[in-house]
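First up is the structure itself, then whatever we jot down about it.
Written out as structure tokens, the structure is:
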């Protein structure tokens with residue numbers, strides 16, 4: 006009825022609406038939990054550092070340090086987990102030939118970016134009301150770092166969802182993996198606390214680069230390790246290329262019963 | 381025209397690769413001719429329909445669709461947690477009718493006659509209610525070939541008559557490929573038949589011959 010391009014676009018729109026509805030209003034207070042979960046983590050970690058009388062981290066306020074790291078990490082984690090389960094949650098729609106597995110993954114990841122935008126606005130707004138400095142020094146750097154984390158989440162989600170389709174038990178491994186990733190990505194404890202040579206090893210983790218770049222974008226005087234956009238985006242490109250190639254090559258396997 | 385070329389199909393489960401369900405099905409289904417698939421349970425009727433409709437893929441071989449073919453009307457295509465109305469909106473949108481949603485939804489709602497249940501989640505529906513919605517959904521769009529897996533048969537008598545009548549109105553421009561376990565339903569809708577046995581398909585110009593071949597095989 007339409008060209009292939011408009012067809013794909015209408016499918017993306019429809020999937021985006023369907024997923025947004027589910028994410029925000031799927032259960033009675035679904036939208037509230039989207040906000041409460043990161044807020045609880047921030048409150049808890051903030052209390053722990055407060056009890057240890059730590060006021061600043063790398064030269065910036067410890068609360069902002071936690072907020073930025075936590076929200077950035079949640080952006081990655083939620084995007085990857087939602088993408089991981091995109092296929093299973095939309096299985097019924099593959100009855101329509103125009104709905105492809107990648108469309109579903111992309112729509113879900115986009116909904117996550119959309120919902121995390123509100124979470125950022127709310128939590129940073131609350132932080133501003135408590136008198137914290139929430140105006141970024143370099144907003145473009147912040148947006149670029151967040152884009153990198155989101156795209157890496159999508160790429161990671163694409164790859165893991167193919168793995169889970171081929172070997173269903175691998176889903177447990179990805180779930181378990183998220184816990185150490187949370188601990189070693191500089192969300193709750195700065196990497197500068199870790200002695201050499203282990204600190205160098207942890208810098209292999211692209212999430213560290215993403216998180217530190219977000220903090221640097223907010224506070225240009227923040228002292229951190231040697232992090233770079235090129236390292237983060239090499240992972241982004243690598244994971245997206247591999248994930249999309251797998252989706253292209255195994256498209257029928259992803260849809261088949 | 382739908383061309384099915386040497387289609388083989390077997391399913392892979394966690395217990396490994398299963399037996400061949402379809403072993404080399406070849407056929408050309410002309411546009412404008414309604415066809416019924418007959419065969420015993422597990423002969424591969426639904427599998428073949430799903431492959432023709434593009435909801436599943438053959439393990440070997442391919443299907444060419446040279447006309448507008450509907451999605452296979454069966455239990456697929458409806459998301460259980462969404463309401464009938466939400467599903468209908470989704471289906472309208474992905475077919476490119478986001479600008480005329482109210483009219484299309486109205487048509488679907490009227491045809492399906494689900495009453496208040498239209499705004500209830502699909503997972504609360506009975507199989508008859510699902511069929512009504514499925515049938516109403518696919519009739520809301522213009523296809524050359526409609527694919528129906530038991531959908532027309534699952535509704536009650538009143539709905540079957542309504543479906544038949546709606547389909548008769550379309551018959552000058554559309555045809556149907558269907559599976560039904562009820563001879564009367566098949567005879568009401570179809571002219572020709574395909575008989576499936578041991579993974580092979582045989583075409584019969586007259587449905588009665590296909591039904592006869594099926595009865596002889598039991």
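Residue numbers (the working numbering), protein chains in the order written: chain E, 6 to 262; chain H, 381 to 598. The C-beta atom is built at its ideal place from N, Cα and C for all residues, glycine as well. Source: prediction; values computed, not measured.
So the alpha helix (DSSP H) residue i belongs to, where does it begin and stop?
i: residue 510 of chain H; result: 507-519
i: residue 423 of chain H; result: Note, residue 423 of chain H: premise wrong, no alpha helix (DSSP H); not H, not E.
i: residue 21 of chain E; result: 9-30
i: residue 116 of chain E; result: 106-134
i: residue 188 of chain E; result: 175-189
Do residue j and residue i come within 8 Å of each other at the CB atom, strictly closer than that value?
i: residue 492 of chain H; j: residue 513 of chain H; result: yes
i: residue 383 of chain H; j: residue 408 of chain H; result: yes
i: residue 222 of chain E; j: residue 150 of chain E; result: yes
i: residue 451 of chain H; j: residue 101 of chain E; result: yes
i: residue 157 of chain E; j: residue 215 of chain E; result: yes
i: residue 502 of chain H; j: residue 449 of chain H; result: no
i: residue 65 of chain E; j: residue 47 of chain E; result: no
i: residue 405 of chain H; j: residue 428 of chain H; result: yes
i: residue 423 of chain H; j: residue 566 of chain H; result: no
i: residue 91 of chain E; j: residue 166 of chain E; result: yes
i: residue 414 of chain H; j: residue 569 of chain H; result: yes
i: residue 571 of chain H; j: residue 454 of chain H; result: no
i: residue 403 of chain H; j: residue 573 of chain H; result: no
i: residue 445 of chain H; j: residue 498 of chain H; result: no
i: residue 97 of chain E; j: residue 458 of chain H; result: yes
i: residue 401 of chain H; j: residue 385 of chain H; result: no
How is the beta strand (DSSP E) around residue i delimited, first residue to last?
i: residue 369 of chain H; result: Outside the displayed span of chain H (381 to 598) sits residue 369 of chain H, for which this structure offers no information.
i: residue 526 of chain H; result: 525-529
i: residue 589 of chain H; result: Where residue 589 of chain H is concerned, there is no enclosing beta strand (DSSP E), although the alpha helix (DSSP H) it sits in stretches over 587-597.
i: residue 408 of chain H; result: 396-409
i: residue 452 of chain H; result: 449-453
i: residue 582 of chain H; result: 580-584
i: residue 577 of chain H; result: 572-577
Chain H partners of residue i, CB-CB under 8 Å?
i: residue 11 of chain E; result: 476
What is the C-beta distance between residue i and residue j, in whole angstroms, given that I count them as a contact (C-beta under 8 Å)?
i: residue 416 of chain H; j: residue 587 of chain H; result: 6 Å
i: residue 362 of chain H; j: residue 517 of chain H; result: The structure shown has nothing for residue 362 of chain H, since chain H only spans 381 to 598.
i: residue 104 of chain E; j: residue 474 of chain H; result: 6 Å
i: residue 78 of chain E; j: residue 190 of chain E; result: 6 Å
i: residue 120 of chain E; j: residue 29 of chain E; result: 7 Å
i: residue 263 of chain E; j: residue 252 of chain E; result: Residue coverage of chain E in this structure runs from 6 to 262, which leaves residue 263 of chain E outside it and unanswerable.
i: residue 112 of chain E; j: residue 17 of chain E; result: 6 Å
i: residue 99 of chain E; j: residue 554 of chain H; result: With a Cβ gap of about 24 Å, residue 99 of chain E and residue 554 of chain H do not count as contacting.
i: residue 591 of chain H; j: residue 418 of chain H; result: 6 Å
Just to make sure I have the definition right: I need the residues of chain E whose C-beta is within less than 7 Å of the C-beta of residue i. Which are they?
i: residue 435 of chain H; result: 99 and 100
i: residue 456 of chain H; result: 97 and 100
i: residue 452 of chain H; result: 100
In chain E, which residues lie with their C-beta within 8 Å of the C-beta of residue i?
i: residue 459 of chain H; result: 23, 95, 97 and 98
Cutting at 7 Å between CB atoms, please list the residues of its own chain near residue i, excluding the five before and the five after it.
i: residue 125 of chain E; result: 76
i: residue 211 of chain E; result: 157, 236, 237 and 240
i: residue 143 of chain E; result: 222 and 225
i: residue 115 of chain E; result: 21
Against residue i, what residues of chain H qualify as contacts under a CB-to-CB distance less than 7 Å, listed in chain order?
i: residue 103 of chain E; result: 474
i: residue 261 of chain E; result: 436 and 437
i: residue 19 of chain E; result: 470, 473 and 474
i: residue 16 of chain E; result: 474
i: residue 257 of chain E; result: 437
Given residue i, which residues of its chain have a CB within under 8 Å of its CB, disregarding the five upstream and five downstream residues?
i: residue 63 of chain E; result: 70, 195, 197, 220, 227, 228 and 229
i: residue 170 of chain E; result: 92, 255, 258 and 259
Enumerate in chain order the residues of its own chain whose CB-to-CB distance from residue i is below 6 Å, with the five nearest sequence positions on each side excluded.
i: residue 118 of chain E; result: 155
Given that residue i touches chain H, what residues does it touch there, using C-beta distances under 9 Å?
i: residue 116 of chain E; result: Here the premise fails: no neighbours, minimum Cβ distance about 14 Å.
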